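To start, the structure itself, in C-alpha cells.
There are 4 protein chains.
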Amino acid sequence: MQDSTTQARQKLLYLMGLEGKQPEIPVSIRNLEQKAREILSPEAYDYVAGGAGAEDTIRANREAFHRVRIVPRMLRDLTLRNLGIELFGTKLPAPVLLAPIGIQSILHPDAELASARAAAAVGLPFILSTAASRSIEAVAETMQDAPRWFQLYWPDDPDVAASFVSRAEKAGYQAIVVTLDIGILGWRERDLQRAYFPFIRGEGLINYFSDPAFRKSLSQPPEIDPGAAISHALKIFANPSLTWENLGYLRQHTRLPILLKGILHPEDAICALEYHVDGLIVSNHGGRQVDGAIAALDALPGIVSAVQGQIPILFDSGIRSGADALKALALGATAILLGRPYAWGLAVGGEWGVTEVLRNFIADLDATLALSGCGSCIELASATLQRVFN
Amino acid sequence: MQDSTTQARQKLLYLMGLEGKQPEIPVSIRNLEQKAREILSPEAYDYVAGGAGAEDTIRANREAFHRVRIVPRMLRDLTLRNLGIELFGTKLPAPVLLAPIGIQSILHPDAELASARAAAAVGLPFILSTAASRSIEAVAETMQDAPRWFQLYWPDDPDVAASFVSRAEKAGYQAIVVTLDIGILGWRERDLQRAYFPFIRGEGLINYFSDPAFRKSLSQPPEIDPGAAISHALKIFANPSLTWENLGYLRQHTRLPILLKGILHPEDAICALEYHVDGLIVSNHGGRQVDGAIAALDALPGIVSAVQGQIPILFDSGIRSGADALKALALGATAILLGRPYAWGLAVGGEWGVTEVLRNFIADLDATLALSGCGSCIELASATLQRVFN
Amino acid sequence: MQDSTTQARQKLLYLMGLEGKQPEIPVSIRNLEQKAREILSPEAYDYVAGGAGAEDTIRANREAFHRVRIVPRMLRDLTLRNLGIELFGTKLPAPVLLAPIGIQSILHPDAELASARAAAAVGLPFILSTAASRSIEAVAETMQDAPRWFQLYWPDDPDVAASFVSRAEKAGYQAIVVTLDIGILGWRERDLQRAYFPFIRGEGLINYFSDPAFRKSLSQPPEIDPGAAISHALKIFANPSLTWENLGYLRQHTRLPILLKGILHPEDAICALEYHVDGLIVSNHGGRQVDGAIAALDALPGIVSAVQGQIPILFDSGIRSGADALKALALGATAILLGRPYAWGLAVGGEWGVTEVLRNFIADLDATLALSGCGSCIELASATLQRVFN
Amino acid sequence: MQDSTTQARQKLLYLMGLEGKQPEIPVSIRNLEQKAREILSPEAYDYVAGGAGAEDTIRANREAFHRVRIVPRMLRDLTLRNLGIELFGTKLPAPVLLAPIGIQSILHPDAELASARAAAAVGLPFILSTAASRSIEAVAETMQDAPRWFQLYWPDDPDVAASFVSRAEKAGYQAIVVTLDIGILGWRERDLQRAYFPFIRGEGLINYFSDPAFRKSLSQPPEIDPGAAISHALKIFANPSLTWENLGYLRQHTRLPILLKGILHPEDAICALEYHVDGLIVSNHGGRQVDGAIAALDALPGIVSAVQGQIPILFDSGIRSGADALKALALGATAILLGRPYAWGLAVGGEWGVTEVLRNFIADLDATLALSGCGSCIELASATLQRVFN
C-alpha cells in the first residue's frame, strides 16, 4: 500500500519517466471511454455506458457536479497530507471503493478477477456484484487478504439470500451492500433495442449456479439443464416484495456490516437508522434505473442532514474525477464508489488498466485535495463549496 | 387487457425472446422518430414534428421535464402494483390516452383505423380528431366496444357542431374533448414554407363531408363539387368567436362528459369550474400554436392548485417517456395524452407500430413507477419531486 | 393598408394558393438569413449579422426571450381583433416599425428605396438612418405620404445636426430618433478582421455630401475632393461629447417628436423625462455596440416601471418573431422595431422581399396575439407572462 | 506611451488603412487561438490551452462572465476619457498587466523577450514567471526602464527564494507576485497524456541554473551535470509546506510590494490583510490547478467585500475581451491580468503579435468603457451590472 501523501508526485514522476511516450491507458476518462468503445462490441459498450430511458438521469448526475464549486484555501501546510480513512474498522489508503459492476466478462476475459487484483494492488475495497461472472470464492482467493465487500441482489428466495451472505462472510468479505433500487430491472433502451441480455445465456449467474441453496431448489443441476437453471435464476433475481421488515432476516444470517445502496430520500435514510443499518450508499445506480431521477449529488445533502453522522454515508453515481469525489466528500460522504471509469480501464487493459485508472484517480484526488487546502479527508468537512446557477 | 403489474416484465421477456434480433419498432422514441423521418415524405414528417414559429415552445416543453426530478423511495412492497385508473366511470389499464392527431392518412394508409385498433388492443382510449381522415362511424366500428373519445374542433356553424357531438355520442364515444387553442391556425413555419396544407386537397375533412348538417349547408354535395365543399369546410373550421357562454350550447347537445383541451392559465381553470366542465386537459398543443408559450408542465401546478380536485385534469404536450408521465401524474394530473410518439409508431409499423409504442410506453411507466416506490398511480400523489435549476 | 384582423388568415390563403410551390422568400427567419448569407458577399453578411466583441450580447438578447413565457387565455371572442396602435397621432396597422439600418446598398442595389417602399405598402413607419445610402429627400419622394421617421447620428457639428433634422422635417418625416449608443463605434471583430469599412469608400455618406451645412464646412465640394469629404464626414460622424444638456439644441431646430434610442438604465429613462423627451427606444443596438451588455428585454421592465406611462417606450434588439414582439409589448412596450429580419428580406428579394418579411411578421404576430387570447395590443397590458430559469 | 483616450479610434484608423487587406494577427481571440493551434506543436498548444482535470473550471470561468451583464449609461461627455490607473506609485496607460506565463520558448523562439518588449512598447507591466525560459536579468535588460514585475514560485529552499527576489529587485522589477496555488502541480490531463513536461529537458529552469544560491546547493554546476541540476530544480520547485508565517521571511528580503496570487476565499483575503500583504490577485490559475474550482469572477465580490479597499485587488483567469475586463473592474478589481490571449499572439507573431493583441485589447476596452458611459476606470466603481440566470 502506497503512502497517499505522495500519490500525485509519484504518478507524475512515473509519467515523466515515459519521456514523451504516451501512457497506453488514457489519463482522461473521456478518452479512456472512447478507447474502450473502440475495443468493445457495441452491445457490451452500450450495456455499461447506457442508462434508463432517455438517459436524462445520467445527464443530471453530471450537471449536478458542475453546479457545485470548490473554494480553495491557500497557505496551509500540506506536507503531511493523508487521503486515508477508516471504514468499519479497516484503514483505507483513500476514500474510494470499486463499485459493484456485474458480468465483467463482457468487458475483458479476466473479468472480476482482474478488477479485484487491481483493487488489491492499490489497497481499495472491491465490491463484488452478485451478478458477477466470477464466483464469490474465486474472487476471494485471488484477492488473498485484501479488503473486499459483497453486493447483494437480494433474491426472491430466502434460502438463497441467506446462502449468498454466508458464503461472502466465510470467504472474507467485510461488508454486505444491499442494492435496493432493483426491485425490477430499469427500462434500458439501448439493451432493449439490441435485445441484449447476457443473463439469458447464463452470463453473470455463476454465483447462483454455484450456490448450494440455489442448486437444491432445481430439479436438475445447472450442468445438466442449464436452460431451467437460467430461467429459475432470472425468476428469483429481483424481489419487488422487499420491505424494511425483511432487513431483520438478513441481519440474522450475517455479522457483517450491512449497507443499503440506492437511498435518495431523507425519509428512507431515517428508516435505515431505525432499522439499525450500518451504512448508506446514496446512489441512483448510475442513472440505470429511474430516468428522470434526482441527481445523486443533489440528494446527498438532505441525507447527510437526516443521518447526522450516526452511520457512514457513501456516495455513488456520476463520479469521474478527483474534483467530483472531493465535492461529495465535502458535502458529507465518507467515501465514494467509482464505477464506469474502472470498467473502461478493464476493457482497455485488464488488471493493469484498472490499476492505472485507480492510481490516476487517487493521484488526481490527492492533487485536488491538497490544492483545495485540505491535508486530509477529515478537513474536507470544513471545506467551502459554492452553488452556482447557470 | 393485460394485468398492468406485469407490463415491464412481460415486455422484457418478449424482447429477450428475440434472442439478439433487434425489435423492428425502435424502443427509443428518438430512434423511432428518426426511422419515421426516413420513411415519410418530408412534408408529412414536418407537419407532425413541427410547431409554431421558431419551435421554442417545443424546446420549452422538453426543458420543463428536465428541471423536475423524481426522488424515489425504497423498500416498499411493489408486488401488487397497479397502473390502472378510473376515469368518468371507465377503468383504464394505465393513465394514458392517445392524443387526437388529425389526418393520419399522411402517416400510413390505414390511418386512424390502425391507431384505434392498437388502442383497443391495449385497452387505452383513442381520442379521434375532428380532422381525422377516417369518419367517426368507421373508427367506432373498428374499435367495437373499446373506449374512445371524440375531439371537437368546434366549427363556426352551430348545426354542424351539434351534429358532430351527436354522431360521436351515437357511435359510442364516451367523452367530448373541445380543443380551445385553435381559434385560428398557429403560425407553423415548416408547413408555410412547404405550402403544405393537406386540407385543401380534402384530406382530413371526411367528418365534414359525411355530416348531414354540413351537407345541408352546401348547394351541391361534396361528391359533385368537392372544391366548394373543401372551401366551406375550411371557412367554418375554426371559430375565433367562441366564449365561455357557448359551452351551454354544447351541453344541450350531448350527455357525454365535456373536457376542455388547451387550458394553461389558472383563471381559465376556475372559469371552467364555473361553467361546470367535466375535465381539463393542460396542453399547449404540443407547441404547435403559440410559439413562446409556457411549457405545459410548468402550467400544470397552478391549474391543479386552482381546481383543487373538483374535476380530473389530464396532461398533454411533450410526454416522451414513462418518467415524463410520472412527473405529470405526481404534479396532479389524472392521466396523460401521448401524441407524437404513437404517430411515429404508426408511420413505421401501422397498427403493430402503434401497439408496440403503447406497450413499450406502459412497460416503461410500470418500471419507473415501481422503481420510484409507488405501487399505483394514486400513491404518486405523495411522490416526492425536486425542482432543479441548471 | 390591410385590415389587420385578417393578416394571419390572408397570408395563409395566399400560401395555400401556391399549391405546393414553396414561397421564394423563406418564412422562417433562420432560413431567410441562411439564404441571404448565400447571396451576399461575406463582408456584407458579416457587417449586418455581426455584433460587438465575441457577440455575447447577441446571444444574451435571444436567451432573454426564451426565459419569458406567454400564458395564453382561452375562449375570448377574437373575431374583431385589431393589431393597430396610435403613435404620436398616427394610426399604425401594427405595432411595428422598420429599424434604422445604414448603408443598405451593400444588401441590394435598390437599397433604402426598396425597404421604404415595402414599409409604405404595408403601412408601417420606415426609420431612415443618417448613414443611409439614399438621401432623406429621395426616400421621402418614393414613400409619398406613407409614415416615415428619421434616425439621427448626431454629428459633431451643430450646424450639420440642425440641418439634418430640418431637412427631415421638411421632407415629411414625422419623428426624430436620436441614437445615443454610438458615441464611438463598437468593437466589431468581424468588420475589423475584414478591414471592412464601407464608409471610407463614401458609402452611407450621401446625407452628408448632400447637406448644405456639411458642404459649407468643406473647402472643396465632395464631387471635387471626395477624399477630404469622406474624411471630414468620418471626423464628425460620432460625437462622444454629447450630454443631456445638448437635447435643448435639438429641440430648438425641430417641432417633431424626439425619441432617444439606446436607453438601458432606468435612471437614464428618468433623465429623459426630465428633459421632456417624447419617447424612448430600449435597445442595445442589436448587440453591435457593447459586448457583455444587458439583454434589451431584461432592461425593459425597469424602464417601463421608471417611466410609468408618461411617454411611449419602443423596443429594439433581438426581435425575430411575433412571439418576441408580443413579449416586449406585454412587458410594456408600445411598439417594436424590426431590424435584421427585413435586412435579410432586402438581400434576398429587394422590395418584394421586405414586403414579404413584414407581412409574414404581422401575420405571425396576429396569430400569436389571438391565440394568446388578446384581441388587441392594448389588451396585452394584462397578458400573463411567466419567467423561467433553465 | 499612447494617450488612452484615442486607443479605439487609432486602432480603427489603422485597420481602415489596411484597405481590405486582413490584419495578419486575428482581431478575434477565438480566431487567434485557432491560428496559434495551427502553428504550434500539439503538445505546446495543449500545454497552454489546457487546464486541470476535465477542464470544468475553464468552462466555469467563461460562464461566470456571461451571467454578469453591463447596464450602459447614455449622454455622458466622454471626450476626455482616460483608461489610466496608478498602481503602487506607477502610472499605467490601462488597467492591464501581462500575466506570468512560463516557458514561453515553446511558443516562439524569442520567448519572454518578445512578450516583454511588446509590453514595454504599450506601457503595460510584464510579469515575468520564475519558470521563464529567459533570465530575470535578460528580460530586464531588453525592457530597459519599462514597468515589470516578478512572479515567484516560492522554492523549497529559503536561500534560493531570497536570491530570486533579490535578483528581481536589483534588476528593476517593481513588485513580487507570489503564486500560492501551486503547492503541487495540478492534474493536467492533456500534459499527462502526452507525457509532456518541458521542465525535465531543462526548459523553463534558466532562473534556477543562473541563480548563485541554487548553484551553490549543487555538487556540480548545471553545465557539467544538467541531469542533477534539473532533478534538484524540480525537487525544490513547489513548496507544499508554506504557511502565512513564511511571508515574513519574504518581506525581510525585499522592499518591493508583495502580492499574493490565487486568493479565492474571503477568509484568505482577511489573512492577507493581517499579514500586511500589499495586494491580492484573485485567480484560479486559469483553471489549471483545481478542476471544479469556483469561477474566479464569482469569487471576486466576496474578496472585494472582505478587503474593503485597504489594498488593491487584481483579477486573473478567463479574461478574453474588454467587456470581461470591464466586468471585473466594475466588481471591484483595480486591474486585470491578461494571459492566454497574449500567448496566442506570441505564437502567431512574436513581439509584433503580442503588441497587436495588447493594442486590440486596450482599444476594445476603451470602446466598451466609453459606450458603457464611463470616462475612466474610477467611474466604473459606480457602473451598474446585472446578474442573470440562464
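Residue numbers (our numbering), protein chains in the order written: chain A, 63 to 452; chain B, 63 to 452; chain C, 63 to 452; chain D, 63 to 452.
Each residue gets a CB set at the ideal place from its N, CA and C atoms; glycine is no exception.
The structure displayed is predicted, hence computed values, not measured ones.
The beta carbon of residue 284 (chain A) sits closer than 6 Å to the beta carbons of 271, 291 from its chain, once the five residues preceding and following it are set aside; these are given in chain order. Across the set C:107, C:387, C:417, the C-alpha of C:107 shows the shortest separation from the C-alpha of residue 260 (chain C). For residue 305 (chain B), the chain C residues whose C-beta falls within less than 8 Å of its own C-beta are 137, 138, 139, listed in chain order. With a threshold of 8 Å between beta carbons, residue 108 (chain B) makes no contact with chain C. Around the beta-carbon of residue 361 (chain C), 16 or more other beta-carbon atoms lie within 10 Å, marking it buried. Look at residue 188 (chain C) here: in three-state DSSP terms it is strand. For residue 378 (chain B) and residue 358 (chain B), the gap between their C-alpha atoms comes out near 7 Å. Counting C-beta pairs closer than 8 Å gives three or more between the stretch 164-175 of chain B and the stretch 191-198 of chain B, which meets the contact rule. Looking from the CA of residue 390 (chain C), the closest CA among C:339, C:157, C:120, C:437 belongs to C:157. The shortest C-alpha to C-alpha distance from residue 150 (chain B) to any of B:104, B:96, B:341, B:218 is the one to B:341. Along the length of the stretch 385-442 of chain A, whole beta strand (DSSP E) runs at least 3 residues long occupy 397-400, reported in chain order.
Residues of chain B whose Cβ lies closer than 8 Å to the Cβ of residue 115 (chain A) are, in chain order, 383, 384, 385, 426, 430. The stretch 235-249 of chain B and the stretch 341-353 of chain B touch, with no fewer than 3 CB-CB distances between them shorter than 8 Å. Residue 294 (chain C) does not reach chain D, its nearest Cβ partner there being about 14 Å away, counting only Cβ pairs nearer than 9 Å.
Cα atoms of residue 335 (chain D) and residue 288 (chain D): separation of roughly 41 Å, rounded to the nearest angstrom. Interface annotation, residue 97 (chain C): not in contact with chain B, CB-CB separation never under 8 Å. In the same chain as residue 95 (chain B), and ignoring 5 residues on each side of it, the C-beta atoms closer than 6 Å to its own belong to 406, in chain order. Contact of residue 352 (chain D) with chain A is assigned, a C-beta pair being separated by under 8 Å. For the options A:408, A:139, A:424, the alpha carbon positioned closest to that of residue 305 (chain D) is the one of A:139. Inter-residue distance for residue 424 (chain A) and residue 141 (chain A) is about 17 Å (C-alpha atoms, whole angstroms).
Residue contact with chain A for residue 313 (chain D): absent (no Cβ-Cβ distance below 8 Å to any residue of chain A). Within 10 angstroms of the beta-carbon of residue 131 (chain C) lie 16 or more other beta-carbons, which makes it buried. Residue 320 (chain D) has its alpha-carbon roughly 19 Å from the corresponding atom of residue 303 (chain D). With a threshold of 8 Å between beta carbons, residue 409 (chain C) makes no contact with chain B. Close to chain D, meaning a Cβ-Cβ distance shorter than 7 Å, are the following residues of the stretch 244-272 of chain C: 245, 246, 247, 248, 249, 251, 254, 255, 256, 257, 259, 262.
As computed with DSSP, residue 144 (chain D) is found in a beta bridge with D:438. Annotation for residue 210 (chain B): the continuous beta strand (DSSP E) segment containing it runs 210-214.
Within its own chain, the residues whose Cβ lies closer than 7 Å to the Cβ of residue 428 (chain A), once the five positions on either side in sequence are excluded, are 66, 69, 70, 145, listed in chain order. Taking the beta carbon of residue 302 (chain B) as reference, the chain C residues within 7 Å of it are 140, 141, 432, listed in sequence order. In the structure shown, residue 226 (chain A) falls within a helical segment according to DSSP collapsed to helix, strand and coil. Three or more beta-carbon pairs separated by less than 8 Å are not found between the stretch 275-282 of chain C and the stretch 98-115 of chain D, which leaves the two stretches without contact. Residue 408 (chain B) and residue 103 (chain B) have their C-alpha atoms roughly 14 Å apart. Residue range 341-344 is occupied by the beta strand (DSSP E) that includes residue 343 (chain A). Secondary structure within the stretch 285-361 of chain D: the beta strand (DSSP E) runs of 3 or more consecutive residues, fully enclosed, are 320-325, 341-344 (chain order). Under the Cβ distance rule, residue 144 (chain B) does not count among the residues neighbouring chain A, no pair being separated by less than 8 Å.
Look at residue 377 (chain D) here: in three-state DSSP terms it is strand.
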